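Participant: Before I ask anything, here is the structure I am working with.
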């Protein structure tokens with residue numbers, strides 16, 4: 003799982019997070035830490051697509067949360083991944 007956009011959506015699915023917290027969450031999920039350029043480029047793309055939005059913060063860090071469209075997109079993507087995993091596992095079992 004290496005798509006930065008998907009990893010960000012998963013990282014903030016339970017609660018809003020700022021960039022550094024997203025990096026830590028992604029690293030805990032995948033064991034790899036994306037670079038800041040990769041992270042912030044993906045954040046900009048997700049925001050432009052309306053899948054995430056910034057929220058007000060008391061400090062200089064900007065937390066992001068899923069939008070309704072982002073939640074729907076994430077659910078659909080994860081369901082498709084589950085289906086792919088089932089099919090792949092079944093095919094491996096028959097080979």
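Residue numbers (the numbering used here): 3 to 97. Cβ atoms here follow ideal geometry from the backbone N, Cα and C, with glycine treated the same way. It should be emphasised that the depicted structure is a prediction, and the values quoted were computed from it without experimental measurement.
Relative to the C-alpha of residue 12, which residue among 68, 97, 37 is closest?
Facilitator: Closest option to residue 12, Cα to Cα, is 68.
Participant: Please report the distance separating the alpha-carbon of residue 71 from that of residue 52.
Facilitator: Their Cα atoms are separated by approximately 7 Å.
Participant: Determine whether the beta carbon atoms of residue 6 and residue 32 lie at a separation below 8 Å.
Facilitator: Their beta carbons are not under 8 Å apart, which means residue 6 does not touch residue 32 by this criterion.
Participant: Report the partner residues of residue 19 according to the DSSP bridge assignment.
Facilitator: Looking at the DSSP assignment, residue 19 forms a beta bridge with 66.
Participant: Here's the rule I'm using: 16 or more other beta-carbon atoms within 10 Å means buried, otherwise exposed. How should residue 54 be labelled?
Facilitator: Buried is the call here.
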